[in-house]
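So the protein lines, in turn, are chains A and B. Heads up, this note's numbering is the position in the first sequence plus 183, with the first residue counted as 1. Heads up, this note's numbering is the position in the second sequence plus 183, with the first residue counted as 1. Virtual Cβ for every residue (Gly too), placed ideally from N, Cα, C. Take a look at the structure set out below.
Number of protein chains: 2
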Amino acid sequence: MNQVIETILNHRSIRNYKDQALPEEHLALLVQCAQKAPSSNNGQPVTIIAVTDKTKKAQLAELCGNQPYIAEAGVFFVFCIDFYRGKLACEKTNNEFCITDEFTATVIGTFDAGLAMQNMIVAAESLGYGTVPIGGILNDPQAVISLLEIPAYVFPICGLVVGYPKDYSQVKPRLPLKAVFNRDKYDPNQKTYIDEYDEVMAEYMAERTNGESRRNWSETISRVYRSKGRRNIKQAMENQKFYNH
Amino acid sequence: MNQVIETILNHRSIRNYKDQALPEEHLALLVQCAQKAPSSNNGQPVTIIAVTDKTKKAQLAELCGNQPYIAEAGVFFVFCIDFYRGKLACEKTNNEFCITDEFTATVIGTFDAGLAMQNMIVAAESLGYGTVPIGGILNDPQAVISLLEIPAYVFPICGLVVGYPKDYSQVKPRLPLKAVFNRDKYDPNQKTYIDEYDEVMAEYMAERTNGESRRNWSETISRVYRSKGRRNIKQAMENQKFYNH
Chain A
184 MNQVIETILN
194 HRSIRNYKDQ
204 ALPEEHLALL
214 VQCAQKAPSS
224 NNGQPVTIIA
234 VTDKTKKAQL
244 AELCGNQPYI
254 AEAGVFFVFC
264 IDFYRGKLAC
274 EKTNNEFCIT
284 DEFTATVIGT
294 FDAGLAMQNM
304 IVAAESLGYG
314 TVPIGGILND
324 PQAVISLLEI
334 PAYVFPICGL
344 VVGYPKDYSQ
354 VKPRLPLKAV
364 FNRDKYDPNQ
374 KTYIDEYDEV
384 MAEYMAERTN
394 GESRRNWSET
404 ISRVYRSKGR
414 RNIKQAMENQ
424 KFYNH
Chain B
184 MNQVIETILN
194 HRSIRNYKDQ
204 ALPEEHLALL
214 VQCAQKAPSS
224 NNGQPVTIIA
234 VTDKTKKAQL
244 AELCGNQPYI
254 AEAGVFFVFC
264 IDFYRGKLAC
274 EKTNNEFCIT
284 DEFTATVIGT
294 FDAGLAMQNM
304 IVAAESLGYG
314 TVPIGGILND
324 PQAVISLLEI
334 PAYVFPICGL
344 VVGYPKDYSQ
354 VKPRLPLKAV
364 FNRDKYDPNQ
374 KTYIDEYDEV
384 MAEYMAERTN
394 GESRRNWSET
404 ISRVYRSKGR
414 RNIKQAMENQ
424 KFYNH
């Protein structure tokens, strides 16, 4: 077990931070680590806006569904899919720019942004910081786009809070490894693994709530997945000239 | 500089592998690391199929656009967006299952799969393995789905080759940090950064090709982005019951 694997296995989301800025050189180092993640065709379609301005952090905390730790923690990184540079490259070389005309750019950009963010998470945690990704950035993409002056061909896909933890949450149990670790073909036996996990999570919840709740994973996640999710993402992407047809 | 940051900054893609299997406990450890990445609402919508079967690896090498290292390297991990477990959770709790009816599931799943893969990349490289992500898995998703018996609500989004490197490629220069590291708002000055990077990449190419090519980033990426990309992703996702409207 080396430091890398130890850091990765020790991950938990932190939602309680000291009101304290990160040193500038750490902000740069964290972005540099994110930037080192691979990207499709070396397109590097990811831009990271480090928000440290207190007013903007407070506004973003509200826009993301009133998550106060966005305002409290040292920095809020907004990860953007970025094909604006690709557009400029096409202009410079007199090529048509078509990649955002259909669905591929969205898939590539979203995936590459995920790769980049996880590098930052691991790097930040190795330096002792706490982190939590913020999907709530998609609650109202248009407002985030205006606030951060994000141009066409660029879209804010996920946020990441990084800061000094006030206290450490527990490590949350994951699905049994066999559920997600399949060999040579998809393992259809998922129902069994979910039942197993539901028992583990019921115990975990009981412990965390002093017996008040035994809500398992199926109960928790079905409350999310019975909804169609955020309805405004596709329109907001289209406004930024990502045409997902 | 700790081992985590060193590993991250030292990343390069490896496309030349020894024909040698990884120890079983490393396969499991790598998936476990991937699984520890955060996920939206703890949905854990990622399943990883470790393909070590030689016939299947060879078939996948061909399906991904004749990339021989997929067949040669020890293992080819196929990262899948997985909402099948979510569907089972909804059935178990008598909830409707609606999250894949629209666009959100695709965005969440793709992003979370990216997070998971980067954890695996960093972990693998910390153990001395080489890696390279394979977007070519999207060349013919339907064939991959059949080959790996992937059910509805599950979609193979990206592959990852992991193995014993035969030789190490050079670390490729990235865009200037200021291009991707913006502060409090989007930095519109991207044209200047691209011009800078184009010069760096021209030099890098000249060195790598003994002066035969000075192809810069804009020239390389515009050849990719002048196309609309892979036309069949959306239809293949719809066949798996992801409705991206």
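Answer with yes or no whether the minimum CB distance from Gly269(A) to chain B is below 8 Å. The beta-carbon of Gly269(A) is placed less than 8 Å from the nearest beta-carbon of chain B.
Taking Lys270(A) as the reference, which of Pro339(B), Asn422(B), Ser405(B) has the closest Cα? Among Pro339(B), Asn422(B), Ser405(B), the Cα nearest to that of Lys270(A) is on Ser405(B).
Taking the DSSP output, what are the residues bridged to Ile317(A)? Looking at the DSSP assignment, Ile317(A) forms a beta bridge with Gly342(A).
Take Glu208(A) as the anchor and find which of Gln215(B), Asn193(B), Met184(B) has the nearest alpha-carbon. Each of Gln215(B), Asn193(B), Met184(B) was checked against the Cα of Glu208(A), and the nearest Cα belongs to Met184(B).
Which of helix, strand or coil does DSSP assign to Val258(A)? Note: Val258(A) maps to strand in three-state DSSP.
Using a beta-carbon distance cut-off of less than 7 Å, what residues from the segment 318 to 341 of chain B approach chain A? Residues Gly318, Leu331, Glu332, Ile333, Pro334, Val337, Ile340, Cys341.
Cβ-heavy atom distance between Leu310(A) and the ligand NAP below 7 Å? Although the ligand NAP was asked about, the structure shown includes no ligands whatsoever.
What are the uninterrupted segments assigned as beta strand (DSSP E) that are 3 or more residues long and contained completely in the segment 252 to 299 of chain B, given in chain order? Runs of the beta strand (DSSP E) inside the segment 252 to 299 of chain B: 258 to 265.
Secondary structure of Asn393(B), DSSP reduced to three states: Here DSSP, grouped into helix, strand and coil, assigns Asn393(B) to coil.
Only counting the same chain, and skipping five residues up and downstream in sequence, which positions put a Cβ closer than 7 Å to that of Asn249(A)? Here the set comprises nothing.
Kindly indicate which residue of Thr403(A), Leu192(A), Ala419(A) has the alpha-carbon position closest to the one of Asn277(B). Looking at the Cα atoms, Thr403(A) is the closest of the given residues.
Please list the residues of the segment 191 to 203 of chain A that have a C-beta atom closer than 7 Å to any C-beta atom in chain B, keeping them in chain order. Taking 7 Å as the Cβ-Cβ cut-off, the segment 191 to 203 of chain A approaches chain B at Ile191, Leu192, His194, Ser196, given in chain order.
Can you tell me the Cα-Cα spacing of Ile377(A) and Val354(A), whole angstroms? The straight-line gap from Cα to Cα measures roughly 19 Å.
On a CA-only basis, which of Asp295(B), Ile317(B), Thr230(B) is nearest Ser196(B)? Give me that one, please. For Ser196(B), the closest C-alpha among the options Asp295(B), Ile317(B), Thr230(B) is that of Ile317(B).
Can you tell me which residues form a DSSP beta bridge with Ile231(A)? Paired residues: Phe262(A), Phe364(B).
Please return the same chain residues whose Cβ sits closer than 8 Å to the Cβ of Phe294(B), not counting the five positions on each side in sequence. Here the set comprises Ser223.
Report the CB separation of Cys341(B) from Ala288(B) in whole angstroms; it is logged as a contact under 8 Å. Taking a contact as a CB-CB distance under 8 Å, the pair Cys341(B) and Ala288(B) does not count as one, their CB atoms being some 16 Å apart.
At the level of alpha carbons, what is the spacing between Asn199(A) and Gly319(A)? Taking the Cα positions, Asn199(A) is about 17 Å away from Gly319(A).
Closer than 7 Å by C-beta to Asn427(A): which residues in its own chain qualify, once you throw out the five before and the five after it? Chain order, please. Closer than 7 Å at Cβ, skipping near neighbours: Phe286, Thr289, Lys417, Met420.
Taking one C-beta from the segment 257 to 267 of chain A and one from the segment 324 to 337 of chain A each time, how about it: are there three or more such pairs within less than 8 Å? Because the criterion of three Cβ pairs below 8 Å is met, the segment 257 to 267 of chain A and the segment 324 to 337 of chain A touch.
DSSP state of Val354(A), grouped into three classes? In this structure, Val354(A) counts as coil in the three-state DSSP scheme.
So, with DSSP's three-state summary, where would you put Pro348(B)? Three-state DSSP puts Pro348(B) in a strand.
Limits of the unbroken alpha helix (DSSP H) element including Leu331(B): Where Leu331(B) is concerned, there is no enclosing alpha helix (DSSP H), given that its DSSP letter is neither H nor E.
Mind listing the chain A neighbours of Ser396(B)? Cutoff is C-beta to C-beta under 7 Å, in chain order. Correct list: empty, because the minimum Cβ distance to chain A is about 15 Å.
What's the gap between the Cα of Phe262(A) and the Cα of Asp323(A)? Going from the Cα of Phe262(A) to the Cα of Asp323(A) covers about 15 Å.
Measuring only the C-alpha atoms, how far is Ser309(B) from Leu210(B)? Rounded to the nearest angstrom, the two C-alpha atoms are 14 Å apart.
Return the residue from the list Met384(B), Gly257(B), Ile333(B), Asn302(B) that minimises the CA-CA distance to Glu189(A). It is Asn302(B).
For chain A, check one thing: does any of its Cβ atoms lie closer than 8 Å to the Cβ of Ser309(B)? At a cut-off of 8 Å between beta carbons, Ser309(B) contacts chain A.
Assuming Val234(B) contacts Leu243(B) under a Cβ cut-off of 8 Å, what Cβ separation, rounded to an integer in Å, is found between them? Confirmed, about 6 Å.
Are the C-beta of Asp367(A) and some C-beta of chain B separated by less than 8 Å? Interface residue, yes.
Cβ shell of Val305(B) (< 7 Å), same chain only, five flanking positions each side left out: Answer for Val305(B): Thr190, Ile191, listed in chain order.
Measure the Cβ-Cβ separation of Gly346(A) and Tyr312(A) and say whether it is below 8 Å. Against a cut-off of 8 Å, the Cβ pair of Tyr312(A) and Gly346(A) comes out as a contact.
Return yes when the Cβ of Gln227(A) is within less than 8 Å of the Cβ of Leu358(B), no when it is not. Their beta carbons are under 8 Å apart, which means Leu358(B) touches Gln227(A) by this criterion.
If you run the structure through DSSP and keep just helix, strand and coil, what is Tyr380(B)? Reduced to three states, the DSSP call for Tyr380(B) is helix.
Looking at Val187(A) and Val187(B), is the spacing between their C-beta atoms short of 8 Å? Their beta carbons are under 8 Å apart, which means Val187(B) touches Val187(A) by this criterion.
Can you find a C-beta in chain B that's less than 8 Å from the C-beta of Gln301(A)? Gln301(A) has a beta carbon lying within less than 8 Å of a beta carbon in chain B.
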